[in-house]
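Reviewing the structure listed below.
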Amino acid sequence: MNRFVAGILIVVGGLAALSCGGGSSPSGGYNSPTAPSGGTTAGASGVVTIVGNNGAMSFSPDPVTVRVGQALSWKNADGIAHQIVQDSTDPASNGGGYYGGGDSVGTGFNMGQVAPGSTSRTVSFTTAGTVTYHCSIHPGMTGTILVGN
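Here our numbering is used: the first residue of the sequence shown is 42, the next is one more, and so on.
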């Protein structure tokens with residue numbers, strides 16, 4: 042009888058081991074995407090951090106990569122206000138961008154002033170391409186958004 046029980050336990054244990062799989066991906070088989078070269082992929086809702094003086098007044102990540110339709114906002118981690126605007130393709134435009142801006146690459150956006158510790162409203166794009174932007178208060182602060190499909 043003991044041999045019979047031992048045999049059943051061996052068979053059950055073997056079946057249990059086989060049913061566990063052995064793949065290296067996490068449950069559900071999902072592997073995290075990797076960032077395209079040249080940028081950092083933002084999450085489901087992308088956030089660019091505005092870095093203060095210790096970060097030489099810059100945006101991080103830069104460039105940032107988002108997908109068409111993905112929301113993007115700016116979190117002000119600096120101690121002073123910033124105003125993020127899309128660079129204008131029209132040289133007559135003073136400062137580039139405008140309130141309410143468009144959702145296509147090249148149509149402009151102006152996020153308004155983002156107070157210290159605050160997050161801007163979101164913007165998303167309906168077309169793929171490269172978008173450059175800057176802080177209209179501190180024109181030396183520039184950034185790039187890579188919009189992909």
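For glycine and all other residues, C-beta sits at the position ideal for the given N, C-alpha and C. Since the structure is predicted, the reported quantities are computational estimates derived from the model, not experimental observations.
For residue i, count neighbouring C-beta atoms within 10 Å of its own C-beta (all shown protein chains included) and say buried if the count is 16 or more, exposed if not.
i, result
"Asn190", "exposed"
"His175", "buried"
"Ile91", "buried"
"Asn151", "buried"
"Gly54", "With a pLDDT of only 45 at Gly54, under 50, the local geometry of the prediction cannot be trusted, and no value is derived from it."
"Arg170", "Here residue 170 is Gly; the residue named in the question, Arg, does not match the sequence. With fewer than 16 Cβ atoms within 10 Å of its Cβ, Gly170 is classed as exposed."
Considering residue i, what are the terminal residues of the beta strand (DSSP E) in which it resides?
i, result
"Ala122", "Per DSSP, Ala122 belongs to no beta strand (DSSP E) and is neither H nor E."
"Val107", "Val105 to Arg108"
"His175", "Gly170 to Cys176"
"Thr183", "Thr183 to Gly189"
"Gly153", "Asn151 to Val155"
Less than 8 Å between the C-beta atoms of residue i and residue j, yes or no?
i, j, result
"Cys119", "Pro157", "The sequence given here has Asp at residue 119, not Cys. Closer than 8 Å, so yes."
"Val126", "Ser177", "yes"
"Ser99", "Met182", "yes"
"Val109", "Thr167", "yes"
"Thr163", "Ala112", "yes"
"Ala122", "Val155", "yes"
Which whole-angstrom value describes the C-beta separation of residue i and residue j, a residue pair presumed to lie in contact below a C-beta threshold of 8 Å?
i, j, result
"Ser165", "Asn117", "20 Å between Cβ atoms; not a contact."
Since residue i sits in a beta bridge, which residues does DSSP pair it with?
i, result
"Asn94", "DSSP lists no partner for Asn94."
"Ser99", "Val92"
"Thr160", "Lys116"
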